[in-house]
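Student: Got a structure here, written out as structure tokens. Questions coming.
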Amino acid sequence: MPGFHYLFAFSLLGALLPLGTPPLSLTATQLAVPSKPAARPAKFVSTHGQLRVKGTQLVDQNGQKLMLRGLSYGWHSLWPRFYNAQSVAWLKDDFHCTVVRAAMGIEVGERCYQKDPTFSKQKLYAVVEGAIKADIYVIIDWHSHNINLAEAKVFFAEVSKKYGHQPHVIYELFNEPDQESWSEVKSYAEEIIRTIRQNDPDNIILVGSPHWDQDVHLPAADPIRGQQNLMYTMHFYAATHQKALRDRTDEALKSGLPIFVSESAGMAATGDGPLDYAAWQDYIDWLEARGLSWITWSVSDKDETCSILQKTASSTGPWKDEDLKESGRKVRAYLRKYNVEQ
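In terms of mature numbering (1 follows the signal peptide of the UniProt record, and there is no 0), the sequence shown is residues -27 to -1, 1 to 315.
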């Protein structure tokens, strides 16, 4: 995610990731939020139940196409104050999130998983249990850019035993591989999948791809075999990653690879700079046309564009408009618009 790896990615992926048109200035229309958000079922998971993958599409317990749209928390080890059930409830009720993503930091921060696993799991479990109480889906995200196989196996064995009976839970095995090859990521993922499936036979598992979830063509050419309910993650930051990445992802979809956009936003891949409204809308239109679930980064108050909250925001919500940054108001508008049951 922004601030830790994308500066290198610019040079590495320059041919793939041309800079787009200049960001547009903010307008009242672009930040428009419905004064009274349209209602949707209070019990989202109770309505849609156990998720599965059918072809390339995420479907619910009735086999109906389902798109999940929501927000990712920032690294638990850097912004732990937001990791609580009350903030989950506010994201569900005010933003209309149908999914949240708990980004458990593995190496970054003094209270990361490697340095303080007890604290890390407490923060993660607070969000997971908040999502279960709110009856929305939740992604358990092993938020790392490196392979930590032994630690990941222990963690996913524990968490799948604890929550594997809950249809709310989705597992993300490896947030963003950076320099690892697809063969290395695939081998790691296969071991973790086997670990999870010992306790949880059916919940969705998300698998990353090399170069910060850009190289979806690699798993498309060599997918994991013999497992069900797997999806592969693609990440975009709209001011940097434009049509070339969408085209690459379209080809992966055509080959039969199920895609889940587990992290995205409307600014540059550094997580900073102005929002590019035109490029972000192009991505939203593309996602909606293809039925791809999407998550926006992030619930945090860092001094950067992609952190949706001001320092004034309470740890638990409710958040007033003045507690939200421009990106927070925009993603709330998107979620309120699209997360409406038909």
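All C-beta atoms in this analysis are idealised placements derived from N, C-alpha and C, irrespective of residue type, glycine included.
Can Y205 and S182 be called in contact, C-beta distance under 8 Å?
Tutor: As a first step, residue 205 must be located in the sequence shown, where it is residue number 232. As a first step, residue 182 must be located in the sequence shown, where it is residue number 209. Against a cut-off of 8 Å, the Cβ pair of S182 and Y205 comes out as a contact.
Student: I'd like the list of long-range same chain contacts for S93, defined as Cβ closer than 8 Å, with 5 residues on each side in sequence excluded.
Tutor: Walking along the sequence shown from the start, residue 93 turns up at place 120. Hits under 8 Å: H49, S50, M77, G78, R84, C85 and Y86.
Student: Give the DSSP bridge partners of D114, in chain order.
Tutor: Here residue 114 refers to the residue found at position 141 of the sequence shown. According to DSSP, which records beta bridges pairwise, D114 is partnered with A76 and E145.
Student: Could you tell me the distance, in whole angstroms, from the CA atom of A225 to the CA atom of A242?
Tutor: In the sequence shown, residue 225 corresponds to position 252, counting from 1. In the sequence shown, residue 242 corresponds to position 269, counting from 1. Distance between the alpha carbons of A225 and A242: 22 Å.
Student: Can you have a look at E149 and say buried or exposed, based on whether 16 or more other CB atoms are within 10 angstroms of its CB?
Tutor: Taking the first residue of the sequence shown as position 1, residue 149 is located at position 176. By the 10 Å Cβ count, E149 comes out buried.
Student: With distance defined between alpha-carbon atoms, name the residue in P53, K216 and R25 nearest to K275.
Tutor: Taking the first residue of the sequence shown as position 1, residue 275 is located at position 302. Among P53, K216 and R25, the Cα nearest to that of K275 belongs to P53.
Student: By the three-class DSSP mapping on this structure, what secondary structure does H190 have?
Tutor: Translated into positions along the sequence shown, residue 190 becomes position 217. Note: H190 maps to helix in three-state DSSP.
Student: Please classify R302: does DSSP put it in a helix, a strand, or coil?
Tutor: Within the sequence shown, residue 302 is the residue found at index 329, counting from 1. Reduced to three states, the DSSP call for R302 is helix.
Student: Ignore the nearest five residues each way along the sequence and tell me which others in L146's own chain have a CB closer than 8 Å to its CB.
Tutor: Start at 1 with the first residue of the sequence shown, and residue 146 comes out as number 173. These residues qualify, in order along the chain: W115, A125, F129, Y161, A162, I165, I166, I178, L179, V180 and G181.
Student: Check the C-beta distance from S45 over to E299 and give it rounded, since I have them as a contact under 8 Å.
Tutor: Reading the sequence shown from its first residue, position 72 is the one you call residue 45. Reading the sequence shown from its first residue, position 326 is the one you call residue 299. So it is not a contact: roughly 18 Å between Cβ atoms.
Student: Per DSSP, what kind of secondary structure is I257 in: helix, strand or coil?
Tutor: Here residue 257 corresponds to residue number 284 of the sequence shown, with the count starting at 1. If DSSP states are grouped into helix, strand and coil, I257 belongs with the helices.
Student: What three-state label does DSSP hand R84 in the structure shown?
Tutor: Reading the sequence shown from its first residue, position 111 is the one you call residue 84. In the structure shown, R84 sits in coil (DSSP, three-state: anything other than H, G, I, E or B).
Student: DSSP state of E277, grouped into three classes?
Tutor: The sequence position of residue 277 within the sequence shown is 304, counting from 1. In the structure shown, E277 sits in coil (DSSP, three-state: anything other than H, G, I, E or B).
Student: Measuring CB atoms only, is the segment 250 to 263 touching the segment 278 to 297, in the sense that at least three cross pairs come out at less than 8 Å?
Tutor: No, the segment 250 to 263 is not in contact with the segment 278 to 297.
Student: Can you tell me the Cβ-Cβ gap for E295 and T285, rounded? I've got them flagged as a contact below 8 Å.
Tutor: To locate residue 295, count along the sequence shown from 1; it is residue 322. To locate residue 285, count along the sequence shown from 1; it is residue 312. Contact flag correct, Cβ pair sits at about 7 Å.
Student: Pull up the distance between the alpha-carbon of C279 and that of S273, whole angstroms please.
Tutor: One-based indexing of the sequence shown puts residue 279 at position 306. One-based indexing of the sequence shown puts residue 273 at position 300. Looking at the two C-alpha atoms, the distance is approximately 9 Å.
Student: For L218 versus F209, is the C-beta spacing smaller than 8 Å?
Tutor: Counting from 1 along the sequence shown, the entry for residue 218 is found at position 245. Counting from 1 along the sequence shown, the entry for residue 209 is found at position 236. The answer is yes: Cβ separation under 8 Å.
Student: Can you give me the start and stop residues for the beta strand (DSSP E) that F55 sits inside?
Tutor: Start at 1 with the first residue of the sequence shown, and residue 55 comes out as number 82. Note, F55: premise wrong, no beta strand (DSSP E); not H, not E.
Student: In this structure, how does DSSP classify residue 361 when only helix, strand and coil are distinguished?
Tutor: The shown model of the chain, from -27 to 315, leaves out residue 361, and the question about it has no answer.
Student: What are the start and end residues of the beta strand (DSSP E) that includes T206?
Tutor: Locating residue 206 in the sequence shown gives position 233, counting from the first residue. Segment L203 to Y210, the beta strand (DSSP E) holding T206.
Student: Could you check whether the Cβ of A286 sits closer than 7 Å to any heavy atom belonging to the ligand MG?
Tutor: With respect to small molecules bound, the structure shown includes none, and the ligand MG cannot be examined in it.
Student: Quick check on residue 328: buried or exposed, where buried means 16 or more other Cβ atoms within 10 Å of its Cβ?
Tutor: There is simply no residue 328 to check, as the chain begins at -27 and stops at 315 in what is shown.
Student: Helix, strand or coil for R42, going by three-state DSSP, please let me know.
Tutor: Within the sequence shown, numbered from 1, the residue matching residue 42 stands at position 69. Strand.
Student: By a C-beta neighbour count over all protein chains shown, 10 Å radius and 16 as the cutoff for buried, is R198 buried or exposed?
Tutor: Your numbering for residue 198 matches position 225 in the sequence shown. Exposed: under 16 other Cβ atoms inside 10 Å.
Student: Considering only residues of the same chain and omitting the five flanking positions on each side of Q139, which have a CB-CB separation below 7 Å?
Tutor: Taking the sequence shown and counting its residues from 1, the one referred to as residue 139 is at position 166. Same-chain partners within the cutoff: I105.
Student: Between which two residues does the alpha helix (DSSP H) carrying residue 330 extend?
Tutor: The chain is shown from -27 up to 315; residue 330 falls before or after that span and cannot be answered.
Student: So V18 and D151 are supposed to be a Cβ contact under 8 Å. How far apart are they, rounded?
Tutor: Within the sequence shown, numbered from 1, the residue matching residue 18 stands at position 45. Within the sequence shown, numbered from 1, the residue matching residue 151 stands at position 178. At roughly 33 Å, the Cβ-Cβ gap does not stay under 8 Å, so V18 and D151 are not in contact.
Student: Just the C-alpha distance for A15 and L64, rounded to the nearest angstrom, thanks.
Tutor: Taking the first residue of the sequence shown as position 1, residue 15 is located at position 42. Taking the first residue of the sequence shown as position 1, residue 64 is located at position 91. A15 and L64: Cα-Cα distance of roughly 13 Å.
Student: Tell me the DSSP secondary structure of R25 in three-state form.
Tutor: Reading the sequence shown from its first residue, position 52 is the one you call residue 25. Strand at R25.
Student: Applying the criterion that 16 or more other CB atoms from any shown protein chain within 10 Å of the CB defines a buried residue, is P231 buried or exposed?
Tutor: One-based indexing of the sequence shown puts residue 231 at position 258. Counting Cβ neighbours within 10 Å, P231 comes out buried, since at least 16 surround it.
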